[in-house]
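Undergrad: Note that the working numbering has the sequence shown beginning at 1346, numbered continuously upward.
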Amino acid sequence: MINKRLEDLREVMRREHLAACIFPSTDPHQSEYVADHWKAGEWISGFNGSAGTAVVTLASAALWTYSRYFLAAEEQLKWTGFQLMKLKIEGTPTIAEWLGIGICRDRM
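1. Report the residue from Ala1399, Ala1404 and Glu1435 whose alpha carbon sits nearest the alpha carbon of Leu1422.
2. Apart from the five residues just before and just after Leu1354, which ones in its own chain have a Cβ nearer than 7 Å to its Cβ?
3. Could you give the distance in angstroms between the alpha-carbon of Arg1350 and the alpha-carbon of Ala1418?
4. Use the C-beta contact count for Met1430: other C-beta atoms within 10 angstroms, 16 or more gives buried, fewer gives exposed.
5. Among all the DSSP beta bridges, which residues are the ones paired with Lys1431?
6. Just how far apart, CA to CA, sit Arg1452 and Ala1364?
7. Nearest to Gly1445 by CA position, among Ser1405, Arg1359 and Ala1385, is which residue?
Spelled out as structure tokens, the structure:
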């Protein structure tokens, strides 16, 4: 089911000329309890922890979350096409690094 959602999303991304889609686990108000209709990250990745950010590109998909969710995320992301990115662990890229977004000063 998740793989089909990724496939469908990437079809839309190609049509709309989008390089990436970012799905935070929050709502626009940073509410402690997020209503179901704001749980797009869970819908696209299958990860149901309360803290995670899913990112999808045309070629890859990854989910960033904290140590309290590592075990659950590993299990929930199996066979989905998402790579687990362990926040606060040395060597884990930030979302911007993973996307290859350079810092503006590098272009000056």
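We treat Cβ as the ideally placed atom computed from N, Cα and C, and that holds for glycine.
Model, not experiment: these values are computed from the prediction.
TA: Result, derived from the coordinates:
1. Taking the first residue of the sequence shown as position 1, residue 1422 is located at position 77. Selected option, being the one with the closest Cα: Ala1399.
2. Along the sequence shown, one-based indexing puts residue 1354 at 9. For Leu1354, where only same-chain residues beyond five positions count, the Cβ hits under 7 Å are Cys1366, Ile1389 and Val1401.
3. To locate residue 1350, count along the sequence shown from 1; it is residue 5. To locate residue 1418, count along the sequence shown from 1; it is residue 73. The alpha-carbon of Arg1350 is positioned some 18 Å away from that of Ala1418.
4. Translated into positions along the sequence shown, residue 1430 becomes position 85. Burial call: buried.
5. Counting from 1 along the sequence shown, the entry for residue 1431 is found at position 86. Per DSSP, Thr1410.
6. Within the sequence shown, residue 1452 is the residue found at index 107, counting from 1. Within the sequence shown, residue 1364 is the residue found at index 19, counting from 1. Caution applies to Arg1452, whose pLDDT of 45 falls short of 50 and renders its modelled position unreliable; the value that the coordinates give is listed next. Taking the CA atoms as reference points, Arg1452 sits about 20 Å from Ala1364.
7. As a first step, residue 1445 must be located in the sequence shown, where it is residue number 100. The shortest C-alpha separation from Gly1445 is found at Ser1405.
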